[in-house]
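What follows is one structure encoded as structure tokens, with my remarks underneath.
Residue numbers (our numbering): 106 to 387.
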């Protein structure tokens with residue numbers, strides 16, 4: 106089955122980025138959100154990103170216009186029926202994702218690939234909600250999608266070889282570097298990244314060093330493009346806390362026990378960049 110139509114559920118930060126790289130690779134993209142206005146706002150963000158690329162000489166005006174012309178916006182899931190690949194980028198709630206996959210199973214062809222952008226939830230559990238779960242797979246993108254090179258492909262217990270081969274080809278088409286991991290709590294990227302991020306919070310809590318100095322230790326000493334505390338602010342401290350609680354419950358490892366400082370900050374509404382205050386002020 107040749108992939109021509111790609112659906113994306115959720116037009117937020119991750120979703121519109123997935124829509125952008127898919128459209129730039131030549132796919133016809135249907136971008137879905139709860140309301141048409143939300144979906145169109147996501148397409149506007151794609152237009153902004155592409156214009157920045159034009160201004161920097163990395164994207165031609167013709168390629169910008171062609172990519173935007175390949176993206177259509179819809180409200181709800183019904184409009185995704187023609188898609189051979191649907192990537193879900195909804196909030197990290199297992200019940201919500203399962204409901205989406207149940208609905209997609211009824212709307213899309215039986216061999217349409219259903220992918221989740223989850224960064225930590227069980228793909229095997231998500232796949233169990235779908236009809237023909239062998240076509241379910243994880244496609245974990247990284248923010249910002251149009252700039253980050255990595256695509257983490259997560260194989261659920263049910264994922265078939267044919268599904269894996271198809272998404273590998275899709276990953277190559279959108280010019281990502283792929284790693285393939287089996288379904289396990291936090292996969293590879295989130296598990297390692299969160300371990301460093303939570304330890305950085307504990308160090309700040311203990312007064313080992315300031316937030317800027319902890320971040321500089323990893324940026325200058327280990328070549329991180331962004332320190333773990335600054336990254337936490339970008340991702341959202343509420344998101345960090347939710348993933349930590351999930352991994353702690355799943356693994357029982359003290360590595361993922363949420364620090365009290367993180368809990369206090371989230372309770373106080375200090376969620377990072379999106380709230381204007383986290384480990385840094387914005």
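Cβ atoms here follow ideal geometry from the backbone N, Cα and C, with glycine treated the same way.
{"Query": "Inter-residue Cα distance where the pair is residue 230 and residue 247", "Result": "22 Å"}
{"Query": "Environment of residue 140 [buried if 16+ CB atoms lie within 10 Å]", "Result": "exposed"}
{"Query": "N- and C-terminal bounds of the beta strand (DSSP E) containing residue 242", "Result": "241-245"}
{"Query": "Range covered by the alpha helix (DSSP H) that runs through residue 112", "Result": "Run containing residue 112: none in the alpha helix (DSSP H); it sits in the beta strand (DSSP E), 110-114."}
{"Query": "Residue 217 versus residue 307 - alpha carbon distance", "Result": "44 Å"}
{"Query": "Residue 284 (DSSP reduced to helix, strand or coil)", "Result": "strand"}
{"Query": "Exposure of residue 351, with buried meaning 16 or more beta-carbon neighbours within 10 Å", "Result": "buried"}
{"Query": "Start-end ranges of the alpha helix (DSSP H) lying completely within the stretch 331-373, minimum 4 residues", "Result": "333-340, 342-356 and 365-372"}
{"Query": "Reduced DSSP category for residue 382 - H, G, I as helix; E, B as strand; rest coil", "Result": "strand"}
{"Query": "Inter-residue spacing [alpha-carbon to alpha-carbon] between residue 314 and residue 343", "Result": "23 Å"}
{"Query": "Pair within 7 Å by beta-carbon distance, residue 99 and residue 191", "Result": "The question about residue 99 has no answer, for the chain in this structure spans 106 to 387."}
{"Query": "Integer-rounded CB distance, given that residue 334 should sit under 8 Å from residue 309", "Result": "7 Å"}
{"Query": "Pairwise C-alpha distance: residue 284 and residue 255", "Result": "8 Å"}
{"Query": "Opening and closing residue of the alpha helix (DSSP H) in which residue 146 lies", "Result": "141-160"}
{"Query": "C-alpha gap between residue 150 and residue 121, whole angstroms", "Result": "7 Å"}
{"Query": "Of the listed residues 252, 251, 205 and 249, nearest to residue 241 (C-alpha basis)", "Result": "205"}
{"Query": "Opening and closing residue of the beta strand (DSSP E) in which residue 192 lies", "Result": "190-193"}
{"Query": "With 16 other Cβ atoms within 10 Å as the buried cut-off, status of residue 109", "Result": "exposed"}
{"Query": "Beta-carbon separation (whole angstroms), residue 209 vs residue 185, contact threshold 8 Å", "Result": "7 Å"}
{"Query": "C-beta atoms of residue 148 and residue 178 nearer than 7 Å", "Result": "yes"}
{"Query": "Range of the contiguous alpha helix (DSSP H) that encloses residue 270", "Result": "266-278"}
{"Query": "Residue interval of the alpha helix (DSSP H) (run including residue 236)", "Result": "Note, residue 236: premise wrong, no alpha helix (DSSP H); not H, not E."}
{"Query": "Check whether residue 290 and residue 263 have beta carbons under 7 Å apart", "Result": "no"}
{"Query": "Burial state of residue 183 (16 or more Cβ within 10 Å)", "Result": "exposed"}
{"Query": "Given residue 176 as reference, the closest of 146, 212 and 135 once Cα atoms are compared", "Result": "135"}
{"Query": "Residues near residue 375 in its chain [Cβ-Cβ closer than 6 Å; skip 5 each side]", "Result": "382 and 383"}
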